[in-house]
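**Q** Chains as they are written, first to last, in this note's numbering: chain A, 1 to 374; chain B, 1001 to 1188; chain C, 2001 to 2151; chain D, 3001 to 3116. Beta carbons: idealized from backbone N, C-alpha and C, even for Gly. The model shown is predicted, which means the values in this text are computed figures rather than measured ones.
What follows is the structure, encoded as structure tokens:
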């Protein structure tokens, strides 16, 4: 009898371990969460990563600087251009070349458009995670318009590889400005629909308010940056604290909340979309004339030393660290990616909530899995 | 501008199609085959399996602008038990290969595989100097259709799925049984 | 407080460590055994409390292995870089800082996984991305001709 | 006369189901491999003990759902004939709902509705 009891666990409080494994609709990719449950209550969430670890940092050590640009946007493919910009700014800072004004403005517009389409996809998949299929169709329908703008200027829809060390790959398309203005006008007229569908929905609020609270001290100790950190009051917007490209000449306010629960992590992203549109509005009118790139030597060699550049990606603070020993490929290239650090807090804030809340919390932290594994 | 459109006539019948079709089935079986194939090809349910950027393009193909549903593929099944097609969208690394093999084995027959994107075909941008990328999904599971691109445009994915549908059109009951038997492996 | 004043202040705070003034940040090179209490002091210092561990970068300098800690103080925005090196390649180990900053947990596991540097005191030091049988890929002398395809 | 229709009706139903099942069994392709018969858990082998006592909360929720689902099934035919029967049907349904209401009240008081 005890043989039966042993393996069926009848009697003692057996821990029930479930794999929210590599292939799961709500883990946004190949993140495996080993969840140990007591009935519906989550006792411990252990993330297992590495199912899409491609060894990008090791590859960078055998590629030249212009080649690495194409790898950067395969890391966090939803903020592709922001990754490019981080790496290129770092290389330009090391070479101490000052890039033309036109490049700064166009890079800022492209970064803000990238942030917009990233938050749109967050909104689409977050609604789908919590059971609302309509968000998937509304969100991706509007995202398609940004992808068309990207394709016209850079040739690629999502992984644009648009910035290169020294400026931009090509100049912007003649009707880039017209189409961006049209899109901003269209998206402003339709954004109230996003709030009506999800933000105002009672079921959505019931499932996200007071769930997965993260205090300010914990947010700093866990290093949670980006919208997830700003929802807990951690003012970490790199565009405000250390403006790069053309962020110093635009007026926008940093979205900050203090409640720190899942609903406010979602709300910060919705308001950030409005801020991004304000930034684009202030810049799209008068893009300064001038060259779109600086003439660079064919083989780029950075002087010896360690270079650090931080940038605000759609998910948080993205740092590009390059250690160079003077020849054409870097001695060590490291990317501090936001999703990787934000993953550490998942176990801490999900304890005690139900397994359905785990889906909501993981969705609100907005992971991109190759951003975690690199 | 863009890919020259293909006229419908030469889309429908080209020589390679005939080679796939085994000859010698009698009239009665052929008509039943046609009905079965028409039913199967028009409702290919893909498994939600996306490892990296190609997965986002697959989602974008499911969205209203490019709309998978026109070809009967909009139902994404989360479990392999109910899926017909496994669209390998993204890079497969050595740690993910046994998972992919397990998912493929757990799918019910008849099952098809579409390798979407350069990473699934040959490791793509990670072919050189990467220590953990499987250089192509062909090493793990048999693949029916390859769709090049990094990531392929939604139209390319749709064209790839249409090619898969044409491949299904040529199947007969005997060829389908032979093909499923090839997936057997002895119960260990 | 610009870099020079910060460098002096940190020099006074951490006796016995060489504080230099790099291009961008104040850099502190310190021996491995002083790492933990230096980090503790920097974290709980009244004036410039570095409470945000930005990132830990594991580096293989050819002969010796090292780790670079980027710390930032959220209140006043200063950034300091701690550099630690060890020449022992068979069993390199540093003190873990997970008890000071909780974000160090995953970062140290990643460095252990890719470079083989053990962090004593880490609650659950397991490999993060690769399997147990794998070597340490980020080391300069990592050779794997079966999986890596070079031109 | 009319009970032959009944037999025919059941016969056609059984035939319809039987033929389809048998035909599928014959011509459907099928592949046998060890991993196919393991439980599907997101592509990973299951971990820990999987055959263990479930929480009693699930049982309570299932029973409550069953009670009120069957209740609606019973109300449908009533709704069809309610107009022709008139007042007595109405009183009868009120009693029916009252009794079920007592059941709901009992479950509420016993905290069956809140997950512990």
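Examine chain D for any beta-carbon lying closer than 8 Å to the beta-carbon of residue 24/A, and answer yes or no.
**A** Interface residue, yes.
**Q** As an exercise, report each continuous alpha helix (DSSP H) stretch of at least 4 residues that is fully enclosed by the region 258 to 330 of chain A, in chain order.
**A** 262 to 284
**Q** For the alpha helix (DSSP H) containing residue 2036/C, list its first residue and its last residue.
**A** 2035 to 2043
**Q** From residue 3089/D to residue 3095/D, what does the alpha carbon distance come to, in whole angstroms?
**A** 10 Å
**Q** Kindly identify the DSSP beta-bridge partner or partners of residue 345/A.
**A** None; residue 345/A has no bridge partner.
**Q** Checking 8 Å against the spacing of the C-beta atoms, do residue 1046/B and residue 1087/B come in under that value?
**A** yes
**Q** Which one of 2017/C, 2147/C, 2128/C and 2051/C has the shortest CA to CA distance from residue 220/A?
**A** 2051/C
**Q** Grab the span of the alpha helix (DSSP H) containing residue 1115/B for me, first residue to last.
**A** It is not in any alpha helix (DSSP H) - residue 1115/B instead sits in the beta strand (DSSP E) that spans 1112 to 1116.
**Q** Can you give the Cα-Cα distance for residue 1033/B and residue 1078/B, rounded to whole angstroms?
**A** Going by the C-alpha atoms only, they are around 29 Å apart.
**Q** Answer with buried or exposed for residue 3111/D, where buried requires no fewer than 16 other C-beta atoms within 10 angstroms of its C-beta.
**A** Its Cβ having fewer than 16 others within 10 Å, residue 3111/D is exposed.
**Q** Starting from the beta carbon of residue 17/A, find every residue of chain D whose beta carbon is closer than 7 Å, and list them in chain order.
**A** 3047 and 3048
**Q** Does chain B have any CB closer than 8 Å to the CB of residue 3043/D?
**A** yes
**Q** Using the beta-carbon count (16 or more within 10 Å), is residue 1165/B buried or exposed?
**A** buried
**Q** If I'm right that residue 3093/D touches residue 3078/D with Cβ under 8 Å, what's the distance once you round it to whole angstroms?
**A** With 8 Å as the limit, residue 3093/D and residue 3078/D qualify as a contact, their Cβ atoms being about 6 Å apart.
**Q** Give me the subset of the region 1075 to 1108 of chain B whose CB atoms are less than 7 Å from a CB atom of chain D, sorted by chain position.
**A** 1079, 1080, 1081, 1099, 1102, 1103, 1105 and 1106
**Q** Starting from the Cα of residue 2057/C, find the closest Cα among 47/A, 27/A and 331/A and give me that residue.
**A** 331/A
**Q** For residue 1163/B, which of 1068/B, 1145/B, 1150/B and 1154/B has the nearest alpha-carbon?
**A** 1145/B
**Q** Using a beta-carbon distance below 8 Å, is residue 2041/C in contact with chain A?
**A** By this cut-off, residue 2041/C is not an interface position.
**Q** Suppose you measure from the CA of residue 241/A to the CA of residue 3035/D; what does that come to, to the nearest Å?
**A** 54 Å
**Q** Following the continuous beta strand (DSSP E) through residue 104/A, name the residue where it begins and the one where it ends.
**A** No beta strand (DSSP E) contains residue 104/A, which is instead part of the alpha helix (DSSP H) from 101 to 129.
**Q** Would you say residue 2148/C reaches chain B, if we count a Cβ-Cβ gap shorter than 8 Å as a contact?
**A** yes
**Q** Any Cβ of chain C within less than 8 Å of the Cβ of residue 1122/B?
**A** no
**Q** Considering Cα atoms alone, identify which of 2031/C, 2039/C, 2086/C and 2060/C is closest to residue 2071/C.
**A** 2039/C
**Q** Are the C-beta of residue 40/A and some C-beta of chain D separated by less than 8 Å?
**A** yes
**Q** Quick one: complete beta strand (DSSP E) runs, 3+ long, within the region 59 to 85 of chain A?
**A** If we require 3 residues or more, the region 59 to 85 of chain A turns out to have no beta strand (DSSP E) run fully inside it.
**Q** Among the residues of its own chain, which have a CB less than 7 Å from the CB of residue 1184/B, if the five just before and after it don't count?
**A** The answer is none, since no qualifying residue turns up.
**Q** Tell me, to the nearest whole angstrom, how far the beta carbon of residue 244/A is from that of residue 160/A; I am working on the premise that it is less than 8 Å.
**A** Rounded, the Cβ-Cβ distance is 18 Å, inconsistent with contact.
**Q** DSSP three-state label for residue 2085/C, please.
**A** strand
**Q** Please confirm whether residue 346/A and residue 365/A have their CB atoms less than 8 Å apart.
**A** yes
**Q** Taking just the CA atoms, how far does residue 92/A sit from residue 166/A?
**A** 6 Å
**Q** Using a Cβ cut-off of 9 Å, which residues of the region 1138 to 1149 of chain B contact any Cβ in chain A, in chain order?
**A** none
**Q** Let me confirm a value: residue 321/A is counted as buried when at least 16 other C-beta atoms fall within 10 Å, else exposed. Which label applies?
**A** buried
**Q** If we count Cβ pairs, one from each stretch, closer than 8 Å, do we get three or more for the region 2125 to 2136 of chain C versus the region 39 to 59 of chain A?
**A** With the cut-off at 8 Å, the region 2125 to 2136 of chain C and the region 39 to 59 of chain A touch.
**Q** Can you name, in chain order, every residue of its own chain whose Cβ lies under 6 Å from the Cβ of residue 2048/C, other than the five neighbours on each side?
**A** 2073 and 2078
**Q** Name the two residues that bound the continuous beta strand (DSSP E) containing residue 2010/C.
**A** Per DSSP, residue 2010/C belongs to no beta strand (DSSP E); it is in the alpha helix (DSSP H), 2003 to 2013.
**Q** Can you tell me whether residue 1082/B is buried or exposed, with buried defined as 16 or more other CB within 10 angstroms of its CB?
**A** exposed
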